[in-house]
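J.:
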Amino acid sequence: MRRWLPPALLLALLVGAWQVATSTGAIADALSLESFLVPSPAEIASSLWENRELLAENAWVTLREMLLGILAALTVGLAFAVVMNRWRPLKDAAYPLIVASQTIPIVVIAPILVVWFGYGMAPKIAIVALICFFPVTVNALDGLRSVDPDAVKLMRSLDASRWQQFRRVEVPTALPSVFTGTKIAVVIAPIGAVFAEWAGSDSGLGHLIQSDTAYFEVARQFATIAVLAAIALALMGLVALAERRVVTWR
Amino acid sequence: MNADLEALARPATDAAAVSVGALDHFYGDLQTVERLDLEVAAHEVVGLVGPSGCGKSTLLELLCGLQDPSAGAISVGGREEAVERLARSAYMPQRDLLFPWYSAIDNAALALLNRGASRAGARRQAAALFERFGLGGFERATPSGLSGGMRQRVAFLRTLLTGKPLLALDEPFASLDAITRGEMQEWLAGALRTNPRTVVLVSHDVEEALYLCDRVLVLSARPARVVAELRTPAPRAPDRDATVTDPAFVAAREQAMRALRRGSR
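These protein sequences, in sequence, are chains F and V.
For the first sequence, the numbering used here begins at 1447 and goes up steadily by one.
For the second sequence, the numbering used here begins at 30 and goes up steadily by one.
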């Protein structure tokens, strides 16, 4: 509880200052804008309430894209990390490419995938998976490589098969890193989902933000951003909870 | 329970002798062991002392079949292949290496679990030893909840529970403070009196080796060669304090220290 208090107080302070600055029209005046383009927290909150059904519908679309994308990244990324850890030549060949691939901005990939896969779920899942693949794989590989060589010797002397060494030593050693990678993946997944929706879609929170730009629905844009952030935070919390349940020895 | 204890006290395979002949070992260009000969009789406890970094640990890994020598022959219980040596030797590494994701008893029972014992069966077997070796009540403790001495006891029980005839102990008490180390040496002496095994003990502590072993070999600085061999006056006597202050023991310690200094040059 005590850990939550300082950031909650700071947030309340910032929102309060924003409320004062917008309701007096200070920001809109300074920027020479109409006041509806600079909504106050109260206006955003009421937009959140009024559009709750629209937001929930679109949030469900984006959430599904994110979850399926993260799941795909975890499946492929963890398998890839295990194989790279076991088979050195693959790691030597693939790891530098995986790192180098991060220089390609996901924004430019998204339209290509839309061309290939159309406007449905597939390109969104693919983009979320692509963006999440890197932190999942790299962290899992780091975790696997941090296995103590003496622990492996010990397990061999204790008659462990290769599979038992993996299950009883390598997996538990790597688990904290796997959770670290998953937490990063969960936080960046919304970025992938939003870009994917911007590249071409007819629903989702990213699509909603984009179409609201055309109609100057700034209050609803802020409300949508708040929903997106809440989803990412909730997922992060779930992963942290799972980590506390699974990694009990830390 | 008694049947269990007897089964544990009796090694799974027959008591094994160890024989090393003209052993050479290299790490790349670096020679760690040079023409080393070593004979250990079944149920004999032999100590290897030498300066830090002299290749003692490497020697233990070679004995246990965790590595293969560059030249020369090693046999454990009459078999020379690495996999057969591994099947006959239990290695206790320098650090306790208890896995924090297992309770104390599951750590101790790891070899049984690896061989396919049920968790309940493995725990039952390990629990008997916990009671007997002063760890009763700590079965479910996590390794981080144990003192340094207790962790080493669990690590030793883990080695013992392999049921293998050769125990290869690498500086088992190096990480402990002087008082705990003395207690643990007395404890290990007792454990070996009731569970006789062939033991090769590596240590840089001359007193520890002289107290625990039947015979102590003093090794030179790298590459390791045998520079002296000593018979110890009172191996694993019940009263450690009286033993290590006995004039015969003190004389043996002086002799070992002189050999150690000679070998370090």
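Ideal Cβ placement from N, Cα and C applies to all residues, glycine included.
Every value quoted in this text rests on a predicted model; they were computed, and no experiment measured them.
1) Thinking A207(V) and C93(V) are a contact (beta carbons under 8 Å), I'd like their distance in whole angstroms, please.
2) Heavy atom of the ligand MN less than 7 Å from the Cβ of L1621(F), yes or no?
3) Does DSSP classify T1659(F) as helix, strand or coil?
4) From A220(V) to L142(V), what distance separates their C-alpha atoms?
5) Within the segment 1494 to 1557 of chain F, note down every full alpha helix (DSSP H) run reaching 4 residues or more, in order along the chain.
6) Excluding the 5 residues flanking T188(V) on each side, which residues of the same chain have their C-beta closer than 6 Å to its C-beta?
7) With 16 as the cutoff for other CB atoms within 10 Å, does S29(V) come out buried or exposed?
8) Since N224(V) meets chain F, which of its residues come closer than 8 Å, beta carbon to beta carbon?
9) What is the DSSP secondary structure of R148(V), counted as helix, strand or coil?
10) Hey, does A140(V) have any beta-carbon neighbour from chain F nearer than 8 Å?
11) Are three or more beta carbon pairs between the segment 1545 to 1562 of chain F and the segment 1602 to 1618 of chain F nearer than 8 Å?
12) Quick one: is I1558(F) buried, meaning 16 or more other Cβ sit within 10 Å of its Cβ, or exposed?
13) Along the chain, where does the alpha helix (DSSP H) containing A44(V) start, and where does it finish?
14) Please classify R39(V): is it buried, with 16 or more other beta-carbons within 10 angstroms of its beta-carbon, or exposed?
15) Using a Cβ cut-off of 8 Å, pull out every chain V residue sitting near W1695(F), in sequence order please.
16) Around the C-beta of F1662(F), are 16 or more other C-beta atoms found within 10 angstroms, so that it is buried, or is it exposed?
17) Between L37(V) and chain F, is there a C-beta pair that is closer than 8 Å?
18) Tell me which residue opens and which closes the alpha helix (DSSP H) that E283(V) is part of.
19) Quick one: what does DSSP say S48(V) is sitting in, helix, strand or coil?
20) For the alpha helix (DSSP H) containing G211(V), list its first residue and its last residue.
21) Let me know if Y240(V) comes out buried or exposed under the rule of 16 or more other beta-carbons within 10 Å of its beta-carbon.
22) Please list, in chain order, the chain V residues whose beta carbon lies closer than 8 Å to that of V1615(F).
23) Is P1636(F) buried or exposed, if buried means 16 or more other CB atoms sit within 10 Å of its CB?
24) On the three-state DSSP scale, how would you describe Y56(V)?
25) When the cut-off is 8 Å and only beta carbons count, does R1602(F) lie next to chain V?
26) For S176(V), does the three-state DSSP call read helix, strand or coil?
27) Using a threshold of 8 Å, state whether the C-beta atoms of A140(V) and D1605(F) are closer than that.
28) Between L158(V) and G178(V), what straight-line distance do the alpha-carbon atoms span, to the nearest angstrom?
29) Applying the criterion that 16 or more other CB atoms from any shown protein chain within 10 Å of the CB defines a buried residue, is E68(V) buried or exposed?
30) So, do the segment 1634 to 1652 of chain F and the segment 1504 to 1512 of chain F have three or more beta carbon pairs nearer to each other than 8 Å?
31) In the segment 231 to 255 of chain V, which residue ranges form an unbroken alpha helix (DSSP H) of at least 4 residues, counting only runs that do not cross its ends?
32) My output table needs one value for E35(V): the three-state DSSP class, helix, strand or coil.
33) Is it buried or exposed for A285(V), if we count other Cβ within 10 angstroms and need 16 for buried?
34) Using 8 Å for Cβ pairs, my map puts L77(V) next to V229(V). What's the rounded Cβ distance?
35) Roughly how many whole angstroms lie between the Cα atoms of P1618(F) and A137(V)?
36) Sorted by chain position, which residues of the same chain lie with C-beta nearer than 7 Å to R260(V)'s C-beta, five sequence neighbours on each side aside?
T.: Let's see:
1) That belief does not hold up - the Cβ atoms of A207(V) and C93(V) are roughly 29 Å apart, past 8 Å.
2) This structure lacks the ligand MN; in fact it carries no ligand of any kind.
3) DSSP, read as helix, strand or coil, puts T1659(F) in helix.
4) Pairing A220(V) with L142(V), the inter-Cα distance amounts to about 23 Å.
5) 1498 to 1532 and 1534 to 1546, all fully within the segment 1494 to 1557 of chain F.
6) Counting only Cβ-Cβ distances below 6 Å, and skipping sequence neighbours, we find A119, M121 and L196.
7) Since the first and last residues shown for chain V are 30 and 294, residue 29(V) lies out of range.
8) Under the 8 Å cutoff, chain F gives no residues; its nearest Cβ is about 17 Å from N224(V).
9) Residue state, collapsed to three classes: helix.
10) Any Cβ of chain F closer than 8 Å to the Cβ of A140(V) would place that residue at the interface, and such an atom is present.
11) The segment 1545 to 1562 of chain F vs the segment 1602 to 1618 of chain F: no contact.
12) So I1558(F) counts as exposed.
13) A44(V) -> no alpha helix (DSSP H), and no H or E assigned at all.
14) Reliability of the predicted coordinates at R39(V) is poor, the pLDDT of 47 falling under 50, and no value is obtained from them.
15) Result: P129, W130, T171 and S173.
16) Exposed, since its Cβ has fewer than 16 Cβ neighbours within 10 Å.
17) Only weak support exists for where L37(V) lies, its pLDDT of 49 falling under 50; the coordinates are left without a value.
18) Per DSSP, E283(V) belongs to the alpha helix (DSSP H) from P276 to S293.
19) The three-state secondary structure of S48(V), taken from DSSP, is strand.
20) Element bounds for G211(V): A207 to T223.
21) When all chains shown are included, Y240(V) counts as buried.
22) Correct list: F128.
23) Answer is buried; the Cβ neighbour count reaches 16.
24) Under the three-state reduction of DSSP, Y56(V) is assigned to strand.
25) Nearest CB-CB separation between R1602(F) and chain V: below the 8 Å threshold.
26) Of the three classes helix, strand and coil, the one that applies to S176(V) here is coil, per DSSP.
27) For the 8 Å CB-CB criterion, A140(V) and D1605(F) form a contact.
28) So the two alpha carbons sit approximately 16 Å from each other.
29) It counts as exposed.
30) At 8 Å Cβ cutoff, the stretches touch.
31) 235 to 241, all fully within the segment 231 to 255 of chain V.
32) Residue placement at E35(V) cannot be trusted, given a pLDDT of 44 that sits under 50; what the coordinates show is reported in the next sentence. If DSSP states are grouped into helix, strand and coil, E35(V) belongs with the helices.
33) Counting of Cβ neighbours within 10 angstroms places A285(V) among the buried residues, the total reaching 16 or more.
34) With 8 Å as the limit, L77(V) and V229(V) qualify as a contact, their Cβ atoms being about 7 Å apart.
35) Roughly 17 Å separates the two Cα atoms.
36) Within the same chain, R260(V) has close Cβ partners R244.
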